[in-house]
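The structure appears below as structure tokens.
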Amino acid sequence: MDMHVFQIESNKVLPQTGDIIISSPFLKDFHFTRSVVLIIENNEGGAMGLIMNKDYQYHILLNDLIPELEFAQRVPVYKGGPVSRDTIFFLHTLENLEGAIPLGNGLFLNGKFEDVQQYILDGKPVEGVIRFFSGYAGWVNGQLVKEIKENSWLTTKAHKEILLDMNFRELWRTTLSDMGGKYAIWARYPKYPTLN
4 MDMHVFQIES NKVLPQTGDI IISSPFLKDF HFTRSVVLII ENNEGGAMGL
54 IMNKDYQYHI LLNDLIPELE FAQRVPVYKG GPVSRDTIFF LHTLENLEGA
104 IPLGNGLFLN GKFEDVQQYI LDGKPVEGVI RFFSGYAGWV NGQLVKEIKE
154 NSWLTTKAHK EILLDMNFRE LWRTTLSDMG GKYAIWARYP KYPTLN
């Protein structure tokens with residue numbers, strides 16, 4: 004097999020708040036292998052994001068973490084990243100939620116948790132509207148720029164329909180395929196090439 008077909012350069016675009024970065028199939032870091040990360044902050048101090056397509060081996064429910072939600076609808080908590088795993092973040096489309104931080108494209112981060120808790124207790128839809136994460140991904144100043152130059156990440160725009168409604172396990176492959184052209188080749192690269 005001609006491996007040069009898979010040696011694709013990143014688009015070298017530096018992500019802005021609200022963009023997503025998609026890992027190269029060659030990125031072997033345990034936390035970021037085949038990951039899609041929503042950038043929630045990127046400034047001179049560094050970058051911060053939420054991994055959108057990782058789950059815990061033993062599924063975690065918000066209901067288990069918040070006693071008041073014990074008997075409410077089951078709400079999963081996803082793996083947001085390796086930093087501050089004891090902190091819960093939530094991504095949502097509730098534009099009128101007090102304290103919510105707009106990320107663009109109709110997406111918001113966090114806000115007044117008591118109001119979200121009541122939203123869940125009222126039985127309002129969570130799927131496609133709110134996703135909860137434990138921890139986040141972080142890069143010190145210049146680190147993400149360096150990784151992009153090394154072709155570890157590809158930057159593109161985020162769409163709330165994809166990030167909130169899609170089967171998160173297929174997000175990496177589907178996002179790359181949708182970009183088409185040379186990037187769709189990354190999506191077809193086998194996870195374990197030695198097994199082929």
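In terms of the numbering used here, the sequence shown opens at residue 4 and continues consecutively.
For glycine and all other residues, C-beta sits at the position ideal for the given N, C-alpha and C.
Values in this document were obtained by computation on a predicted structure and should not be read as measured data.
- Taking 8 Å as the upper bound for CB-CB distance, residue 112 and residue 106 are in contact here, some 6 Å apart.
- Within a 10 Å sphere around the beta-carbon of residue 163 sit 16 or more other beta-carbons, which makes this residue buried.
- With a threshold of 16 other beta carbon atoms within 10 Å, residue 43 meets it and is buried.
- The stretch 133-148 makes contact with the stretch 51-59: 3 or more CB pairs, one atom from each, lie closer than 8 Å.
- Between the stretch 140-154 and the stretch 117-126, the count of C-beta pairs closer than 8 Å stays below three; the two stretches do not touch.
- At a cut-off of 4 residues, the continuous stretches assigned as alpha helix (DSSP H) that sit fully inside the stretch 138-167 are 146-152.
- When the Cα atoms are used, residue 34 and residue 85 turn out to be separated by approximately 7 Å.
- Non-local C-beta neighbours of residue 171 in its own chain, meaning closer than 6 Å and more than five positions away in sequence, comprise 56, ordered along the chain.
- Taking each of 28, 27, 36 and 41 in turn and checking the Cα distance to residue 160, the smallest one comes out for 41.
- Beta-bridge partners assigned by DSSP to residue 170: none are found.
- Its Cα nearest to that of residue 132, the residue 98 stands out among 152, 98 and 22.
- Secondary structure of residue 66 (DSSP, three-state): helix.
- Distance from the CA atom of residue 17 to the CA atom of residue 68, rounded to whole angstroms, is 36 Å.
- By the neighbour-count criterion, in which 16 or more other beta carbons inside 10 Å mark a residue as buried, residue 22 falls on the buried side.
- The shortest C-alpha to C-alpha distance from residue 60 to any of 79, 192, 70 and 49 is the one to 79.
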